[in-house]
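Residues in the sequence shown are numbered consecutively from 456, following my numbering.
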Amino acid sequence: MSRRFFQDTRTVFVREIVPALREPYSTVFAMAQPLLLLFLFGPLLAGTTGQGGWGGGEGAASPWQWFVPGTLIMMCLSGPMLAGYSLLIELLGGSMERMLVTPLNRASMLVGRILKEFVILLAQAAVLIGLAVPLGLRLPVAGVLAALALLIVFGTGLGALSFVLAIASQPSGQLFWAVTQVVAFPLMLLSGVLLPIDHGPAWLRTAAALNPVTYVVEAERALFAGRFADLSVLYGVAAAAAVAAIGLTWGTRAMRRGV
Numbered sequence: 456m457s458r459r460f461f462q463d464t465r466t467v468f469v470r471e472i473v474p475a476l477r478e479p480y481s482t483v484f485a486m487a488q489p490l491l492l493l494f495l496f497g498p499l500l501a502g503t504t505g506q507g508g509w510g511g512g513e514g515a516a517s518p519w520q521w522f523v524p525g526t527l528i529m530m531c532l533s534g535p536m537l538a539g540y541s542l543l544i545e546l547l548g549g550s551m552e553r554m555l556v557t558p559l560n561r562a563s564m565l566v567g568r569i570l571k572e573f574v575i576l577l578a579q580a581a582v583l584i585g586l587a588v589p590l591g592l593r594l595p596v597a598g599v600l601a602a603l604a605l606l607i608v609f610g611t612g613l614g615a616l617s618f619v620l621a622i623a624s625q626p627s628g629q630l631f632w633a634v635t636q637v638v639a640f641p642l643m644l645l646s647g648v649l650l651p652i653d654h655g656p657a658w659l660r661t662a663a664a665l666n667p668v669t670y671v672v673e674a675e676r677a678l679f680a681g682r683f684a685d686l687s688v689l690y691g692v693a694a695a696a697a698v699a700a701i702g703l704t705w706g707t708r709a710m711r712r713g714v
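Encoded structure:
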């Protein structure tokens with residue numbers, strides 16, 4: 456990659472991150488639901504230790520090791536997956552057209568925006584994990600770092616796909632909200648982020664097996680439990696990498712074609 460690409464990426468990143476730092480209200484507001492689940496729903500699971508469904512195996516005795524990784528993925532589905540909203544506003548308002556006539560690298564316009572999204576996601580994840588530690592979450596350092604890296608890869612793919620959807624939603628923008636509202640909630644429920652689906656009906660388990668988010672969630676839980684050799688980690692990495700590859704490929708093509 457050329458030096459120009461990195462310079463343009465930095466320019467776009469700074470352009471996107473500065474308003475978020477000056478007015479962090481939306482970022483703080485996005486933490487409301489995960490924090491409510493952490494403090495109001497998580498303690499309900501704390502009384503079920505030893506019962507089936509919380510992952511099992513060494514390092515997973517505490518339900519917090521099961522619940523917190525799922526909540527992090529839920530933040531991905533409500534954060535990077537909706538990242539295209541900011542691009543949609545610029546498209547509808549015409550400001551994106553002015554950027555397109557500048558010499559900025561088109562791919563940098565996508566990558567800079569994605570960088571902003573996962574910086575925010577990492578900050579939110581750090582807050583959530585920090586607040587969960589006093590509740591009983593244990594932190595195997597290597598496992599948590601690997602889980603955060605996996606979260607970045609998955610969030611990168613979701614963010615890129617969100618930008619593609621925003622571009623495809625012109626000129627009304629209605630398609631963006633229709634797809635995100637219809638897709639995000641079923642993906643979350645069918646991945647078992649809140650409750651285990653192991654004992655659900657056969658059709659539900661089949662639907663969950665077809666959901667790529669399921670494999671990322673299971674990989675996150677295995678990593679938080681320190682189980683690097685677990686086969687679910689391999690499946691989760693493959694699913695997250697596939698989402699990231701598809702998102703970046705489609706997003707780069709959309710930006711280069713023009714919006």
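Glycine included, each C-beta is placed from N, C-alpha and C at the ideal position.
Taking residue 709 as the centre and dropping the five residues before and after it, the same chain places the C-beta of 619 and 622 closer than 6 Å to its C-beta, in chain order. A residue is called buried once 16 or more other Cβ atoms fall within 10 Å of its Cβ, and residue 661, having fewer, is exposed. Its Cα nearest to that of residue 674, the residue 691 stands out among 659, 704, 684 and 691. If you check the CB distance, residue 571 and residue 701 do not come in under 9 Å. Residue 478 sits in coil when the DSSP states are folded into three classes, being neither helix nor strand. The Cβ atoms of residue 687 and residue 666 do not sit closer than 9 Å to each other. With a 10 Å radius around the Cβ and a threshold of 16 neighbouring Cβ atoms, residue 544 comes out exposed. Our two residues, residue 685 and residue 669, have alpha carbons roughly 15 Å apart in a direct line. Looking at 602, 487 and 649, the one whose alpha-carbon comes closest to that of residue 518 is 649. With contacts defined by Cβ atoms closer than 9 Å, residue 611 and residue 569 form a contacting pair.
For residue 563, the uninterrupted alpha helix (DSSP H) run begins and ends at 561 to 587, by DSSP.
Taking C-beta separations shorter than 6 Å and ignoring five residues to either side along the sequence, the partners of residue 523 in its chain run 587 and 592, following chain order.
Apart from the 5 residues on each side of it in sequence, residue 486 sits with its Cβ closer than 7 Å to the Cβ of 579 and 582 in its chain, given in chain order. Counting every other CB atom within 10 Å of its CB across the protein chains shown gives residue 541 a total of 16 or more, marking it as buried.
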